[in-house]
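*Asks:* Numbering-wise (the numbering used here), the sequence shown opens with residue 745 and increments by one.
For glycine and all other residues, C-beta sits at the position ideal for the given N, C-alpha and C.
Source: prediction; values computed, not measured.
Let me begin by handing over the structure; questions about it come next.
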Amino acid sequence: MTTSKNPVTVDAPVLAAAGDALRGLSFPSPPKPPIGLEMDYAVIAANEVLPHIYFAVKDVLNTAQSTLHQLGANIVTAANTYTNTDKTLGEQLSQYKFQPPAAANPAPAGTGVED
Numbered sequence: 745m746t747t748s749k750n751p752v753t754v755d756a757p758v759l760a761a762a763g764d765a766l767r768g769l770s771f772p773s774p775p776k777p778p779i780g781l782e783m784d785y786a787v788i789a790a791n792e793v794l795p796h797i798y799f800a801v802k803d804v805l806n807t808a809q810s811t812l813h814q815l816g817a818n819i820v821t822a823a824n825t826y827t828n829t830d831k832t833l834g835e836q837l838s839q840y841k842f843q844p845p846a847a848a849n850p851a852p853a854g855t856g857v858e859d
């Protein structure tokens, strides 16, 4: 397993924008199946089979569309959660005044460290 020295960061506004973009996408409607008016066997078979294929594709596209919208909503929720968590942690950490620990030996003059 490799480890990275780079911290993991989340750009919440960019993540939220990506989620909104996914929610805004829409698939085109499939064209309606052609209905042949001739009466040969190929046209009769096509008239019987193509509507079933059309409705199956339409159902799959509708399911994919709703799944895509839900994914976008989940991404926006995650971005909002990151933002709220960062805000909460920032508020909690701001209550503490961070100072360097007192050194056992005073720092040499000119180092900028003051007791």
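Within the same chain, show all residues whose beta-carbon is closer than 8 Å to that of H813, passing over the 5 residues directly before and after it, in chain order.
*Replies:* In the same chain as H813, and ignoring 5 residues on each side of it, the C-beta atoms closer than 8 Å to its own belong to L766, R767, in chain order.
*Asks:* Hey, could you find the ends of the alpha helix (DSSP H) P837 is sitting in?
*Replies:* The residue asked about is misnamed: residue 837 is Leu in this sequence, not Pro. Element bounds for L837: 785-837.
*Asks:* Under 8 Å, with one C-beta from each stretch per pair, do the stretch 831-841 and the stretch 789-799 reach the 3-pair mark?
*Replies:* Contact between the stretch 831-841 and the stretch 789-799 is absent: fewer than three C-beta pairs spanning the two stretches fall below 8 Å.
*Asks:* Hey, I819 and L769: beta-carbon distance below 9 Å or not?
*Replies:* no
*Asks:* For the alpha helix (DSSP H) that A756 lies in, which residues bound it at each end?
*Replies:* Element bounds for A756: 756-768.
*Asks:* Can K802 and P778 be called in contact, C-beta distance under 9 Å?
*Replies:* no
*Asks:* If we define contact as Cβ-Cβ less than 9 Å, is P844 a contact residue for chain C?
*Replies:* Of the protein chains in the structure, only one exists, and it is not chain C.
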